[in-house]
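Following: one structure in structure tokens, then a few remarks.
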Amino acid sequence: MDPEPTPSPELIVEFKTLSEQELVKFLPVEKKDPEHLTPQEKGALDELWRRHYRELKENLRAKTFSLRPHEEPDKEHFLHMCINEAYPAFLRRTRQDEYKNFGGFLFKLALNVGLDVRRQLTKKRADKRSETEKKKKPPVEMISVDDLTETLVDEGKEALQIVAARELREIVRQVLEEHAGESPISALSTRVVRQKYINELSWEQIARNLFPEEDSERATRDIIKAIKTLEEPDIRAILRLLAYRQITNAEAFEV
Amino acid sequence: MSQEFGPLTTKQKRLLRILTRGLKTLKPEDLSPRTPCPDSWTLASYVSGDLNQEAQQAVNAHIAFCDTCFDEYAALIGQDKLWQLLQGERTLVGDIAEARFQKSMGWKKTVANFVRQKGQEVAKVLEVAVGGNTYSVALSLEGGALSCSVAALRTPLKSALRITVGSGTGKELISTRSDESGNSRFVVPSAAGDMRVLTLDLQGIMHQISFRIPQKP
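Order-wise, the sequence lines are chains A and B. Quick note: numbering that gives the first Met the number 0 has the first sequence finishing at residue 254, numbered continuously throughout. Quick note: numbering that gives the first Met the number 0 has the second sequence finishing at residue 216, numbered continuously throughout.
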């Protein structure tokens, strides 16, 4: 059953006759917890919910396919969970200001609710998994805080070289972070760099991480080709960011 | 794509080889997220384009280093949009080609952000530092004319910018002033293949961007 609101009869009579602009005047100015809403605010919100419920449901339905995690095999059940979450979220989030672009607000609310439900489902699964793992795992070997791994890795290097190498690793990190911050596509390409060089994934694995086979009909070779086209602009951008830090010579990395 | 990028110089190639080697020496913790994961409302606002630029950059940087958040972002936009993002970038790179960079005059960075919008053929957004101020310069083609929109990003120095656009031969085509905050928008008649030089002048500190109007995409 969808949670269609059932406000008290007197509120239906009062708010049903009002235009949307008149209803908006009753909405809270600031975001409020639902339990702190006044009867007028609650009544206006319920009436707006009733009027826009179909639109919100359609927004949620449209996002169900991509947002539903593998942990939830039933699409309709996932949609139903989202709708259940949507009503309290609507009460909590809706305020006068949002009415300026109410369609956009409802879309964003659908994304927010869908993501919250997805997080609940994936977290439950992860918690369950970690509990099982805890039971199965042998006792964890305690490692001293004076772990010598770093020292062993740096063995044979001069102190200055160690410091320089660490500083350069930090610079590379900063440059990648700055590049990633420029746009979603830069974020995507930085992720590819990370997976390629740090996680040492193959192009095929990177492609399939991005477009999992069970969800996508796209050919792996097409995905790889598309990903590889990011490389050239990436190189230019990273070289430019390094140049901005006065690193224009390979010797800077030779420590 | 080839019109966008000239060949790498030997020096750059060498730097690149070393950089690649340097990347391999990074440890997983060097590339783990350093900011907390955005809450679901922030991520939803990011996808629907409701975040301010600073917050947007923070989320961009976070999802690059956090697999969980990237997966959530991908789930929010859906596979078709993700594919469009990849494809769009590939087909649009080079539509407005930068002819050269003038590092000495204060280039900070170029935001490789190409978008196709309703009513516009292509657009390129650059982030430009002039003195201590930073501006966003959006160049787009609209019905055979070049539309230029300058918007202030960070402007500790509140002063109007003098903006001129010249042809490749140095002839001044338009000269205008931004408002005190640094915002301005104007249109310059331009044809495919024309060379244009955009100059931003902040109290005598000049910054030039040269570019060629692309052929029809």
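A virtual CB, placed ideally from N, CA and C, is assigned to each residue, including glycine.
query                                                                                                                                                                : result
Run the CB neighbour count on B/L156, radius 10 Å, all protein chains shown included, and call it buried at 16 or more, exposed below.                               : exposed
Roughly how many whole angstroms lie between the Cα atoms of A/D30 and B/E179?                                                                                       : In the sequence as presented, Asp is not what sits at residue 30 of chain A; that position holds Lys. When rounded, the distance between both Cα atoms is 34 Å.
Is there a Cβ of chain B sitting closer than 8 Å to that of A/R91, yes or no?                                                                                        : no
Please tell me whether A/Y196 has its Cβ less than 8 Å away from any Cβ of chain B.                                                                                  : yes
Determine contact between the region 183–199 of chain A and the region 218–231 of chain A, defined as no fewer than three beta-carbon pairs at a distance below 8 Å. : yes
Taking the alpha-carbon of B/T67 as reference, which of B/T198, B/P35, B/F185 and B/N51 has the nearest alpha-carbon?                                                : B/P35
Establish whether the CB of B/I204 and some CB of chain A are separated by less than 8 Å.                                                                            : no
Tell me which residue opens and which closes the alpha helix (DSSP H) that A/P38 is part of.                                                                         : P38 to L66
Measure the C-alpha to C-alpha separation of A/S65 and A/L108 and round it to an integer number of angstroms.                                                        : 16 Å
Assign A/R67 to one of two classes, buried (16 or more other C-beta atoms within 10 Å of its C-beta) or exposed (fewer than that).                                   : buried
Could you please give me the residues that DSSP links to B/Q207 through a beta bridge?                                                                               : B/T198
So, with DSSP's three-state summary, where would you put A/N198?                                                                                                     : coil
Going by CA-CA distance only, name the one from A/E70, A/E181 and A/N208 that's closest to A/I222.                                                                   : A/N208
In terms of DSSP beta bridges, what is B/G165 paired with?                                                                                                           : B/E171 and B/V196
Out of B/G48, B/P32, B/V187 and B/L140, which one is the CA nearest neighbour of B/T163?                                                                             : B/V187
For the putative contact between A/D115 and B/S47, defined by C-beta atoms under 8 Å, what is the C-beta separation to the nearest angstrom?                         : Not confirmed; about 15 Å, so no contact.
Suppose you measure from the CA of A/G42 to the CA of A/F14; what does that come to, to the nearest Å?                                                               : 7 Å
Can you give the beta carbon distance from B/L30 to A/R172, rounded, assuming they're within the 8 Å contact cut?                                                    : 7 Å
When the Cα of B/F210 is compared with those of B/G77, B/S139, B/K10 and B/R176, which residue comes out closest?                                                    : B/S139
Assign A/D32 to one of two classes, buried (16 or more other C-beta atoms within 10 Å of its C-beta) or exposed (fewer than that).                                   : exposed
Can you list, in chain order, the residues of its chain whose CB lies under 6 Å from that of A/F106, leaving out five sequence neighbours each side?                 : N58
Which of the three DSSP states is assigned to B/K123 in this structure?                                                                                              : strand
Does the beta carbon of A/F106 come closer than 8 Å to any beta carbon on chain B?                                                                                   : yes
In chain A, which residues lie with their C-beta within 8 Å of the C-beta of B/G77?                                                                                  : K62, F64 and S65
Check B/C147 in the structure and name its three-state DSSP category.                                                                                                : strand
Taking B/I208 as the query, report the chain A residues whose CB atoms sit under 7 Å from its CB, ordered along the chain.                                           : Under the 7 Å cutoff, chain A gives no residues; its nearest Cβ is about 14 Å from B/I208.
Taking 7 Å as the line, does the beta carbon of A/L55 fall inside it for any heavy atom of the ligand ZN?                                                            : This structure simply doesn't include the ligand ZN, nor any ligand for that matter.
Looking only at its chain, what residues have a beta carbon closer than 8 Å to the beta carbon of A/K74, apart from the 5 residues adjacent to it on each side?      : T63, F64 and R67
Here's the rule: buried if 16 or more other CB atoms are within 10 angstroms of the residue's CB, otherwise exposed. What is A/N198?                                 : exposed
Tell me which residues share the same chain as B/H61 and place their Cβ nearer than 8 Å to its Cβ, disregarding the 5 neighbours each side in the sequence.          : P32, T34, C36, P37 and C68
Alpha carbon to alpha carbon, what distance is there between A/L47 and A/L120?                                                                                       : 29 Å
Out of B/V58, B/L14 and B/R161, which has the shortest C-alpha to C-alpha gap to A/A186?                                                                             : B/V58
With a Cβ-Cβ cutoff of 8 Å, do B/V149 and B/G181 count as a contact?                                                                                                 : yes
Inspect the beta-carbon positions of B/L25 and B/V129 and report whether they are closer than 8 Å.                                                                   : no
In terms of alpha-carbon separation, which member of A/F77, A/G103, A/K224 and A/M80 lies closest to A/H51?                                                          : A/G103
Distance check for B/S44 and A/N111, CA to CA, integer angstroms please.                                                                                             : 8 Å
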